[in-house]
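Please read the structure below before turning to the comments.
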Amino acid sequence: MKTYTLYQIDSFTRTPFAGNPAGVITNADGLSDDAMQRIARELNNSETAFFLSPPDDTCDGHLRYFTPTTEVPVCGHATIAALYAKAKEANLGGRVLRIKTGVGILPVEVRDDGTDYTVSMTQGKFVLSEPLQKEETDALLASLHLTADEMDPRCPVRIASTGHSKVMVCLKSAQTLNALEPDNAGLTNLSRRIGCNGYFLFTFDTAREGILTEGRMFAPAVGVAEDPVTGNAHGPLGGYLVRFGLARPGDDGVLRFTGFQGEKIGRPGKVHVEVRVRNGEPETVKIRGEAVIVFKTTLSVPASAAVPR
């Protein structure tokens, strides 16, 4: 048997059982792909992160991410969770680490305020798709049980990505957002057609102090019916807001805002977003979040199951 250190960590919150839960194994060297997938399925979080030793001197570590059904290239809340666990284990203090992911090597900053850590993740290059075809938009609205009148007319439906794409859908009201009960089969079928597994629904209709948007995220095609608080949605959202002139940067050329998510499923959390803008275009995107350890334990895996095959 080989023994691994396993955490359950809630990201984008300091309150246990809120925010977005992620499994983290901080010493994952030796686990096979199959073993990682089985562990992720057993934990049944939207993502589980596996921290591996750096393959060479170009990075400080390698993260792999699995939903209960498949590997994904990158995950915001699981990155926050994994680096928070590493900071706690190693008393890292404040520093920037180069983390290899499925979308390349990304800088991740661990900040130490003297009492606890926050983690800031620079995401990949912002990319915006061409508009969806009319029949695709119609299928989307049908699967979400929405009408065109419920959409914010300022906000076109587009696929946005900083490494893991999301369909951006803006609604006029928080009431409509919180009443959503999507057709998961319909969204899954549409994901196969458009090559995007995540659907981020958001609104500017919020009375929460310091909050710009409220959102919900659905990704049934990868086994995530609803994700509580999504870093890989809020980063692209920042680029999307800049591209369509829906929010403006400050005098220093940086758009800063906070998104709120997770209330509907009882796991509220906040994602802090920074988008550096150059010549009116998103140049770099960062997300920042808090975290809290819910539990730490060990996991024993038969050596035969751990060996890569």
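Residue numbers for the sequence shown follow the numbering used here, so the first one is 31 and each next one is one higher.
Every residue, glycine too, gets a C-beta built ideally from N, C-alpha and C.
Since this is a predicted model, take the numbers as computed values, not measurements.
Excluding five sequence neighbours on each side, which residues of the same chain lie with their C-beta closer than 8 Å to the C-beta of Gly269?
Locating residue 269 in the sequence shown gives position 239, where the first residue counts as 1. Correct list, in chain order: Phe156, Leu158, Ala190, Thr192, Val305, Pro312, Val315.
Check whether Met66 and Ser330 have beta carbons under 8 Å apart:
Locating residue 66 in the sequence shown gives position 36, where the first residue counts as 1. Locating residue 330 in the sequence shown gives position 300, where the first residue counts as 1. No; because the gap between Cβ atoms is not below 8 Å, this pair is not in contact.
Gly319 versus Ala52, Gly123, Met151, Glu101, residue with shortest Cα-Cα distance
Working through the sequence shown from its first residue, we reach residue 319 at position 289. Checking every option, the nearest Cα to that of Gly319 belongs to Met151.
Could you name each continuous beta strand (DSSP E) segment of 3 residues or more that falls completely within the region 36-86, going from the start of the chain to the end?
50-55, 77-82
Going by CA-CA distance only, name the one from Asn214, Ala251, Phe47, His175 that's closest to Glu293.
Looking up residue 293 in the sequence shown gives position 263. That would be Phe47, whose Cα lies nearest to the Cα of Glu293.
Would you be able to state if there are at least three C-beta pairs under 8 Å between the region 97-112 and the region 157-173?
no
State the start and end residues of the unbroken alpha helix (DSSP H) segment that holds Val331.
Taking the first residue of the sequence shown as 1, we reach residue 331 at position 301. Here Val331 belongs to no alpha helix (DSSP H); instead the beta strand (DSSP E) covers 321-331.
Short Cβ contact (8 Å threshold) for Ala251 with Asn227:
Position 221 of the sequence shown, counting from 1, holds the residue named residue 251. Position 197 of the sequence shown, counting from 1, holds the residue named residue 227. Yes, the Cβ-Cβ distance between Ala251 and Asn227 is below 8 Å.
Over what stretch of residues does the alpha helix (DSSP H) that includes Gly91 continue unbroken?
The residue labelled residue 91 in the question sits at position 61 within the sequence shown. Segment 91-96 is the beta strand (DSSP E) holding Gly91; no alpha helix (DSSP H) there.
Tell me, which residues are paired with Pro161 by DSSP?
Numbered from its first residue, the sequence shown carries residue 161 at position 131. According to DSSP, which records beta bridges pairwise, Pro161 is partnered with nothing at all.
Taking the C-alpha atoms as reference points, what is the distance between Arg44 and Gly245?
Numbered from 1 along the sequence shown, position 14 holds the residue referred to as residue 44. Numbered from 1 along the sequence shown, position 215 holds the residue referred to as residue 245. If I take the Cα positions, the gap works out to 19 Å.
Give me, in chain order, the residues of the same chain whose beta-carbon lies closer than 8 Å to that of Ile135; leave out the 5 immediate sequence neighbours on both sides.
Numbered from its first residue, the sequence shown carries residue 135 at position 105. Cβ neighbours of Ile135 beyond the five flanking positions: Thr88, Cys89, Arg128, Ile129.
Ile323 versus Asp146: straight-line alpha-carbon distance, rounded:
Locating residue 323 in the sequence shown gives position 293, where the first residue counts as 1. Locating residue 146 in the sequence shown gives position 116, where the first residue counts as 1. Approximately 11 Å between the Cα atoms of the pair.
Who are the near neighbours of Ala333 in its chain, counting only those whose CB is closer than 6 Å to its CB and skipping five residues on each side?
For the purposes of this step, residue 333 is taken as the residue at position 303 of the sequence shown. Answer for Ala333: Lys32, listed in chain order.
According to DSSP, is Gly216 helix, strand or coil?
For the purposes of this step, residue 216 is taken as the residue at position 186 of the sequence shown. The answer is helix: DSSP assigns Gly216 an H, G or I state.
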